[in-house]
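In the working numbering, the protein residues as written are 2 to 341. Even for Gly, the Cβ is constructed at its ideal location relative to N, Cα and C.
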């Protein structure tokens, strides 16, 4: 039997060739690209990036056996329906952590050193006004990392090893000792991290609990000379509140790579802030990471289609299922089949 794989958006060509080596691949992009509706009843695997994969579509994909996410965040995928169908949803957690962590420091440096304004000064004949652009060094400062997962831990490693920074860590899912093992000093609460850090960076998934995690009260705790970096998911930080804080000079700067609506609307309040550095969700967009994510997602699809138990101990480490972590309570409801 030849399995049918749908690749929703462009990925590294090497991964497409890997899939074509043992499956039939239908592309949803480029010349000859097809809408998934045309093959929905027969598709065995779907490889997605950030486009929505709603419950209704998963429900009608009667032959679907696996969904692979080119990346980590799964807020665009209807996990409840995937769990109900016992369809593993795979992510590629190791593939992009270095690229995202590096982007954190690109944004932190750009905001701390006023690089956007400096570039504008040079281009508009204001070179002599450079004294207005004095920034702050990262070296020897304090970074507060919210969420000490893979990316958060890599940020801690770079901060300590590259900038001799003290790292504070907040993660309600880890014990203080587990946070220390990643090189960060645990804080008893989020408030302390916000009020004592020079750089605050957020690394949590978007869930009902984390939506609006940093709102008016939380941002008011940050110091006027501090910088906020957001590379996790739009919606974790209240954008209107952050815009107000920047407009009123309550923060020295901010670097934002993700937005609640992508692309953001033309009248987004961040656009008028020259102390903000904005990038179009490119934290993971390095050539190396894009290849790693694509290859890991493709390999995960082939492994599952060939019979590898996605929840078993022998699965390869380059991909992992999220169903049993994020939605275990759903699988335990009465009448819902167990995926294990």
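Between residue 305 and residue 314, the C-beta spacing is not below 9 Å.
Residue 86 is bridged by DSSP to nothing; it lacks a bridge partner. Residue 275 counts as exposed, since fewer than 16 other C-beta atoms from the protein chains shown sit within 10 angstroms of its C-beta.
For residue 202, the enclosing beta strand (DSSP E) stretches over residues 200-203. Counting only runs of 3 or more residues that sit fully inside the region 101-129, no beta strand (DSSP E) segment turns up. Contact annotation: the region 178-185 does not touch the region 196-208, with fewer than three C-beta pairs closer than 8 Å. If you draw a straight line from the Cα of residue 169 to the Cα of residue 57, it is about 42 Å long. The count of Cβ pairs closer than 8 Å, one atom from the region 220-228 and one from the region 188-196, reaches three, so the stretches are in contact.
Per DSSP, the continuous alpha helix (DSSP H) segment holding residue 289 begins and ends at 288-306. CA-to-CA, the gap between residue 253 and residue 229 works out to about 9 Å. Secondary structure of residue 6 (DSSP, three-state): strand.
DSSP places residue 49 inside the beta strand (DSSP E), whose first and last residues are 46-49. The bridge partners DSSP lists for residue 143 are 167. Secondary structure of residue 270 (DSSP, three-state): helix.
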